[in-house]
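In the numbering used here, the protein residues as written are 2 to 96.
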């Protein structure tokens with residue numbers, strides 16, 4: 002099984018891992034669709050502020066931060082499917 006990031010992304014299946022991204026823990030939550038000088042807001046919220054293991058433990062899933070850190074390559078439908086898939090992956094991991 003692929004390791005999931007705190008927001009449910011399957012890091013080991015991502016083409017950015019090992020290239021532009023070293024993973025949440027190695028790069029302090031920086032992900033490819035964030036500005037160059039900003040760490041991932043999802044990581045900052047879940048891990049640093051709320052002290053959660055991942056977003057599955059949050060009562061606001063998916064939250065406005067998830068919605069605002071959208072990969073710009075996704076259409077609305079692709080993005081909604083991505084969010085649903087990540088939520089499901091996190092729920093399954095928590096079982």
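Note that beta-carbon positions come from the ideal geometry of N, C-alpha and C, so glycine has one too.
Boundaries of the alpha helix (DSSP H) in which residue 66 is found, first to last residue | Within the chain shown, residue 66 is the residue found at index 65, counting from 1. For residue 66, the enclosing alpha helix (DSSP H) has its first and last residue at 65-69.
Select from 81, 47, 73 and 12 the residue whose C-alpha is nearest the C-alpha of residue 61.
-> Residue 61 sits at position 60 when you count from the first residue of the chain shown. Scanning 81, 47, 73 and 12 for the CA closest to the CA of residue 61 turns up 47.
Minimum C-alpha distance to residue 39 - residue among 93, 70 and 75 | Locating residue 39 in the chain shown gives position 38, where the first residue counts as 1. If we check each option's Cα against that of residue 39, 70 comes out closest.
Local Cβ density within 10 Å of residue 18, reported as buried at 16 or more and exposed below that | Walking along the chain shown from the start, residue 18 turns up at place 17. Counting other Cβ atoms within 10 Å of its Cβ, residue 18 reaches 16 or more and is therefore classed as buried.
For residue 83 and chain B, any beta-carbon pair shorter than 8 Å?
-> No chain B is present in this structure, which holds just one protein chain.
Assign residue 56 to one of three DSSP states: helix, strand, or coil.
-> The residue given as residue 56 occupies position 55 in the chain shown. Residue state, collapsed to three classes: helix.
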